[in-house]
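A.B. asks: Counting in numbering that gives the first Met the number 0, the sequence shown runs without a single skipped number right up to 433 at its last residue. Using N, Cα and C, we set each Cβ at its ideal position, and we do this for glycine too. Take a look at this one; I'll ask things after.
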Amino acid sequence: MTPKQNKEYLKNPLPLIIILLTPLIGLFILAVTADLRVFILIGFALSAILVVLLPAHLRLTRMRAAAELQLQDIRERMNLVDFSIQKEDQTIRSIQDKITDFSQLKVVTEKLSQCLTLDETTKTLSREIRRLLGDKDATVILYLFHSKTGDLGISSSHKGQMRVNLKTKKGDEFDHYLVKTMQPLLIEDLKSDYRFDIDKVKIQDERTIGSLISVPMTVDQRALGILRIDSPQDHKFNTQDLRFLRTVGDVGAMAIENAQLYQHVQQLAIRDGLTGLYLRRYLKERMPSEVARQLRNDGRLAFLMIDIDKFKVYNDKFGHMAGDIVLKTVGEFMQDFFDQPGVLLCRYGGEEFAVMLPDCDKKAAAELAEEMRRQIAMKMVILRREKTNITVSVGVAGLPEDAKVVDELIRVADQALYRAKETGRDRVCLAGEG
0 MTPKQNKEYL
10 KNPLPLIIIL
20 LTPLIGLFIL
30 AVTADLRVFI
40 LIGFALSAIL
50 VVLLPAHLRL
60 TRMRAAAELQ
70 LQDIRERMNL
80 VDFSIQKEDQ
90 TIRSIQDKIT
100 DFSQLKVVTE
110 KLSQCLTLDE
120 TTKTLSREIR
130 RLLGDKDATV
140 ILYLFHSKTG
150 DLGISSSHKG
160 QMRVNLKTKK
170 GDEFDHYLVK
180 TMQPLLIEDL
190 KSDYRFDIDK
200 VKIQDERTIG
210 SLISVPMTVD
220 QRALGILRID
230 SPQDHKFNTQ
240 DLRFLRTVGD
250 VGAMAIENAQ
260 LYQHVQQLAI
270 RDGLTGLYLR
280 RYLKERMPSE
290 VARQLRNDGR
300 LAFLMIDIDK
310 FKVYNDKFGH
320 MAGDIVLKTV
330 GEFMQDFFDQ
340 PGVLLCRYGG
350 EEFAVMLPDC
360 DKKAAAELAE
370 EMRRQIAMKM
380 VILRREKTNI
390 TVSVGVAGLP
400 EDAKVVDELI
410 RVADQALYRA
420 KETGRDRVCL
430 AGEG
C-alpha cells in the first residue's frame, strides 16, 4: 500500500471496513440460510476478532503513513543539505582559484616592478605569461602602439621559450579587430566563429590558430598595446582565462607606462632639448667602448666634426629665434641623413655637431660628409620672411690611421674642421691632409 493510499484510508476507513466485513456477512447469510448454528458462531467469533484487529490495523496504517511522511521530509532535508554542500564546494573552489590568481599576479607584479627599461619590461611580461601558461604550443604576442605615429608594432613574440618571427609585424585580422573595438576578445573555436574569414587568416598567419584570447592594454583610457595568446588547439581558452589575461594586461600596461616615462626622463638627460640630438656627454660615454671594439676586431671607425658657417650672423641679423631655427633645421636634416644602425649623432656644443660612424673607413666617411655638405647648402630656410641658405664646414678623422684613443680622435677631427673654416668654409677637410 502506497503512502498516498494510506492517507486515503486514514481520511475514510469505510472502504477498508466493507472489504473486511463482506466475507463475514456472506458467511452469516449462509449460516442463516442453512440454519446452521455453528456457522453463526464462527461468524460472530470472526466478527469479534475483526472488531479487535481493525483498530490496531488502523493505528498501524496511521503510524506507517506518518513514518513515510517523516522519511520524505528527511530526504528533502538531505537534498537541501547536499545542494548547500555543493554550493559551498563551488564557492571554496572559486575562492581557491582567486587566491591562486592573486598569488600568481603578485609574482608578476613584483618582477615587473624591478624593471626599468621598456625592453626589459616587455621581455619580463612575455616570459611571466609563458611561465603561467605552461603551454609549449601556445604563442604569446605583445604589440605596442608607436608613440608618434600610433601604428601597431610587434614588441615580442614567443612560442614556449623560442622567439617566433611573425610575418605580420603590424598585426593580423584579430589584432585589427581588437584595435577597432578595444574590447577583450575570446575565440574558443576559430572554425565556428563567423566574425572572421578563416581563409584570410590562413594567408596572414603562417601558423595554425584554433583558439585565441587577446586584451587591450590601456592606462587611463589611453591605449598602449595589445596582449595576445593563441593556440593551435580549439577550446584551449575560456572566459576565466580571458579574465585573468585582462588583469595581467592591466598590470603590464602600468609597468610599460612607467618604463616609457623612465625612458623619456633618461632621454631628457642625454638629449638636446632643441634639436633632439644626443648631448656631448653621452657621446663621450659611448665612444670608448666602440673604439675599443673596433681596435680589438681590427675594424674601422670615422669621426666627423661639423660647424654651421657664420652662425653668429643669423643671430645678429634675424635674432636668437632665427639661430634656433637654423640649429633645428640642420639637426633634423642630419638625423634623416645619418639614419643608420650604430651611427651616433650629437650636438657637440653651440653650433657644432659630431658624428661617430662605426665600421666606416675615412674615405667613405669623407664621401658621406661631402654629400651631406652639398645637400645642406641646397636647403633654403625662411627667417623673418627672408629666404637664406645654410652652409657647414666638416672635419673628418679615421680610426686607427689618425688616432687610437677617443680624445685624440676628437682633437684631430677638430683640427681638420678648423682648417676647413680657415680655408673658406663650406667644405670638407680630412685629418692629416693639407
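With distances taken between CB atoms, is the gap from Leu115 to Tyr261 smaller than 8 Å?
C.D. replies: Yes, Cβ-Cβ distance for Leu115 and Tyr261 is below 8 Å.
A.B. asks: So, helix, strand or coil for Ser102, using DSSP?
C.D. replies: Looking at Ser102 - three-state DSSP - the assignment turns out to be helix.
A.B. asks: With three or more beta-carbon pairs closer than 8 Å as the criterion, would you say the stretch 330 to 343 touches the stretch 374 to 390?
C.D. replies: The answer is yes - the stretch 374 to 390 touches the stretch 330 to 343, with three or more Cβ pairs under 8 Å.
A.B. asks: Do you know offhand how far Val178's Cα is from Glu119's?
C.D. replies: 25 Å
A.B. asks: When burial is assigned at 16 or more other CB atoms within 10 Å of the CB, is Glu127 buried or exposed?
C.D. replies: So Glu127 ends up on the buried side.
A.B. asks: Between which residues of its own chain and Leu429 is the CB-CB distance below 7 Å, once the five residues before and five after are set aside?
C.D. replies: By the criterion of a C-beta distance shorter than 7 Å, Leu429 is surrounded in its chain by Lys361, Ala365, Val395, Ala415, once the five residues flanking it on both sides are discounted.
A.B. asks: Indicate whether the contact test is met: 3 or more Cβ pairs, each with one atom in the stretch 215 to 222 and one in the stretch 192 to 199, closer than 8 Å.
C.D. replies: no
A.B. asks: For Pro231 and Ile208, which I take to be in contact (beta-carbon distance under 8 Å), what is that distance rounded to the nearest angstrom?
C.D. replies: The pair is a contact, with the Cβ atoms about 7 Å apart (cut-off 8 Å).
A.B. asks: Let me check one thing: in DSSP terms, what residues is Tyr277 bridge-paired to?
C.D. replies: Note: Tyr277 sits in a beta bridge opposite Arg270, Cys345.
A.B. asks: Which class does Arg82 belong to by DSSP, given the choice of helix, strand or coil?
C.D. replies: Residue 82 is actually Phe in this sequence, not Arg. Three-state result, Phe82: helix.
A.B. asks: Can you give me the C-alpha to C-alpha distance between Ser125 and Arg206, rounded to a whole angstrom?
C.D. replies: 19 Å
A.B. asks: Going by beta-carbon coordinates alone, are Gly275 and Gly322 separated by less than 8 Å?
C.D. replies: no
A.B. asks: Please report the straight-line C-alpha distance between Lys158 and Arg270, rounded to a whole angstrom.
C.D. replies: For Lys158 and Arg270, the gap between their C-alpha atoms comes out near 37 Å.
A.B. asks: Along the beta strand (DSSP E) that carries Glu385, what are the first and last residues, could you check?
C.D. replies: Per DSSP, Glu385 belongs to the beta strand (DSSP E) from 385 to 388.
A.B. asks: Leaving out five residues on either side along the sequence, give the residues of the same chain with a beta carbon under 6 Å from the beta carbon of Glu187.
C.D. replies: Ser210, His234
A.B. asks: Whole-angstrom Cβ separation of Glu350 and Ile307, contact assumed at under 8 Å?
C.D. replies: 4 Å
A.B. asks: Please report the Cβ distance between Arg285 and Leu244, rounded to the nearest whole angstrom; I am assuming they are in contact, meaning their Cβ atoms lie under 8 Å.
C.D. replies: Contact flag wrong, Cβ pair sits at about 39 Å.
A.B. asks: Can we say the stretch 290 to 299 touches the stretch 147 to 157, given the rule of at least three CB pairs closer than 8 Å?
C.D. replies: no
A.B. asks: Check this for me: beta carbons of Asp174 and Ile225, under 8 Å apart or not?
C.D. replies: Against a cut-off of 8 Å, the Cβ pair of Ile225 and Asp174 comes out as a contact.
A.B. asks: Where do the ends of the beta strand (DSSP E) carrying Thr116 lie?
C.D. replies: That residue, Thr116, is in no beta strand (DSSP E); it is neither H nor E in DSSP.
A.B. asks: For Leu429, which residues does DSSP report across the bridge?
C.D. replies: Val395
A.B. asks: Assuming Leu326 and Leu273 form a contact by the criterion Cβ under 8 Å, report the distance between their Cβ atoms to the nearest whole angstrom.
C.D. replies: 6 Å
A.B. asks: Name the residue from Gly248, Ser155, Asn164 whose alpha carbon lies nearest to the alpha carbon of Met181.
C.D. replies: Gly248
A.B. asks: Terminal residues of the continuous alpha helix (DSSP H) containing Arg418?
C.D. replies: 405 to 421 is the span of the alpha helix (DSSP H), which, as asked, contains Arg418.
A.B. asks: In its own chain, which residues sit with a C-beta less than 7 Å from the C-beta of Leu185, not counting the 5 before and 5 after it?
C.D. replies: The residues are Ile212, Phe236, Thr238, Leu241.
A.B. asks: Which one or two residues does DSSP pair with Asp306 in a beta bridge?
C.D. replies: Glu351, Ser392
A.B. asks: Kindly list the residues whose CB is nearer than 8 Å to the CB of Arg450, restricted to its own chain and excluding five residues on each side of it in sequence; keep chain order.
C.D. replies: No answer is possible for residue 450: it lies beyond the span of the chain, which begins at 0 and ends at 433.
A.B. asks: Provide the residue(s) that pair with Arg162 in DSSP beta bridges, ordered along the chain.
C.D. replies: DSSP links Arg162 through a beta bridge to His157.
A.B. asks: If you run the structure through DSSP and keep just helix, strand and coil, what is Gly149?
C.D. replies: In the three-state reduction of the DSSP assignment, Gly149 falls in the coil class.
A.B. asks: Specify the secondary structure class of Asp229 as computed by DSSP and reduced to three states.
C.D. replies: DSSP, reduced to helix, strand and coil, places Asp229 within a strand of the structure shown.
A.B. asks: Between the alpha carbons of Glu385 and Ser392, how many angstroms are there, rounded?
C.D. replies: 23 Å
A.B. asks: What three-state label does DSSP hand Met377 in the structure shown?
C.D. replies: helix
A.B. asks: Could you pull out every residue in the same chain whose Cβ sits closer than 6 Å to the Cβ of Arg424, ignoring the five residues on either side in sequence?
C.D. replies: Asp308, Ser392
A.B. asks: Please return the same chain residues whose Cβ sits closer than 8 Å to the Cβ of Gly152, not counting the five positions on each side in sequence.
C.D. replies: Tyr142, Leu143, Phe144, His145, Lys168, Lys169
A.B. asks: Going straight from the alpha carbon of Met379 to that of Pro287, what length do you get?
C.D. replies: 37 Å
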